[in-house]
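Going by my numbering, the first residue of the sequence shown is number 127, and it counts up by one from there.
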Amino acid sequence: MTDQQCVEFLQWALPRLRLRWPGFRKVRRQVHKRIDRRMSELHLAGVTEYRFYLSVHPAEWSILDAFCRISISRFYRDRSVFDYLGNVILPDLARLAAAEGNREIRAWCAGCASGEEVYTLAILWQQRVRTEFPDVQLRQLATDVDEHMLQRASRARYSASSLKDVPADWFGTALAHDDDEYVVRPEFRARVEFRQQDIRTEMPDGPFHLILCRHLAFTYFDDELQREILHRILARLAPGGVLVAGKQEPLPVAAEKMVPCGRNLGIYRV
Numbered sequence: 127m128t129d130q131q132c133v134e135f136l137q138w139a140l141p142r143l144r145l146r147w148p149g150f151r152k153v154r155r156q157v158h159k160r161i162d163r164r165m166s167e168l169h170l171a172g173v174t175e176y177r178f179y180l181s182v183h184p185a186e187w188s189i190l191d192a193f194c195r196i197s198i199s200r201f202y203r204d205r206s207v208f209d210y211l212g213n214v215i216l217p218d219l220a221r222l223a224a225a226e227g228n229r230e231i232r233a234w235c236a237g238c239a240s241g242e243e244v245y246t247l248a249i250l251w252q253q254r255v256r257t258e259f260p261d262v263q264l265r266q267l268a269t270d271v272d273e274h275m276l277q278r279a280s281r282a283r284y285s286a287s288s289l290k291d292v293p294a295d296w297f298g299t300a301l302a303h304d305d306d307e308y309v310v311r312p313e314f315r316a317r318v319e320f321r322q323q324d325i326r327t328e329m330p331d332g333p334f335h336l337i338l339c340r341h342l343a344f345t346y347f348d349d350e351l352q353r354e355i356l357h358r359i360l361a362r363l364a365p366g367g368v369l370v371a372g373k374q375e376p377l378p379v380a381a382e383k384m385v386p387c388g389r390n391l392g393i394y395r396v
């Protein structure tokens, strides 16, 4: 399958999965390789045959859907976002919780992939917030549709390439070197729970004080599904809660009542 054939195929197939082509333009080669492997497994001559195969084997659509999962992730991805979370948002949430006599802040990371974002937040909390607010805890629930990714997240072992953006003082304090990998130390993993869920069909019960949904719904889902997802996310945010989307992800119209935090960070308060 040529690149142009891949583009045409995705433009045809993605709407049937409630996904949008613009989100896949830069990452389509990942999907291209997966589809090529699948056509080889099925002994199909080309993309025309694969389209016909989809028409007579409806169960194949769920396999194609899995091929379209993009799981690019690393620690401290978008440094300015996590700096703002660590310096402003997390202390603000802790201060509000302490004032209300609440001993726990609940956070949900949707589309957590292999866990880098979740552990980044946990380390930020421990290193920048916990000392000032020792009686308040951050508890995180992390969800993803991909069981394999969740298994990797639970192991909390990462190569150096996943850690290229982290502050130098994290090594040794939060990240222990083991053979050719780094392991998140147990004290930074204690209040993290991983759960398999497809955000398109189910979400955890709220309320949450902080929800991260970055590089997922508002990049890859079609416009109508984005609005549905945002409505359901907002219903799970506690008053004064914070939603973190991707820096380059414009939210649907339903977000008009949300107040941006910082400058062009994709962080909003309700």
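Ideal Cβ positions, reconstructed from N, Cα and C, are used throughout, including at glycine.
Inclusion of leucine 336 and glycine 366 in the CB contact set at 8 angstroms is not warranted, their separation being larger than that value.
The stretch 158-176 makes no contact with the stretch 196-211: fewer than 3 CB pairs, one atom from each, lie closer than 8 angstroms. Counting other Cβ atoms within 10 Å of its Cβ, glutamate 243 reaches 16 or more and is therefore classed as buried.
Inclusion of leucine 351 and arginine 326 in the CB contact set at 8 angstroms is warranted, their separation being smaller than that value. Here serine 166 is exposed. Its C-beta has fewer than 16 other C-beta atoms within 10 Å. Sixteen is the threshold: since fewer than 16 other Cβ atoms of the shown chains lie within 10 Å of the Cβ of serine 188, the residue is exposed. The way I'd put it, the stretch 231-243 does touch the stretch 264-273; three or more beta-carbon pairs between them come closer than 8 angstroms. In this structure, DSSP gives histidine 341 a state outside helix and strand, which the three-state scheme calls coil. Assignment of beta-bridge partners to isoleucine 231 by DSSP yields Leu264.
Going by C-alpha positions, isoleucine 215 is about 10 angstroms away from tryptophan 251. Residue environment: arginine 142 is assigned as exposed (fewer than 16 neighbouring CB atoms within 10 Å of its CB, all protein chains considered). Membership of phenylalanine 178 in the alpha helix (DSSP H) is indicated by the continuous run 173-182.
Of the residues assessed, glycine 227 falls on the exposed side of the cut-off, its CB having fewer than 16 other CB atoms within 10 angstroms. Annotation for valine 182: no residue places its beta carbon closer than 6 angstroms to its own, counting only its chain and skipping 5 residues before and after.
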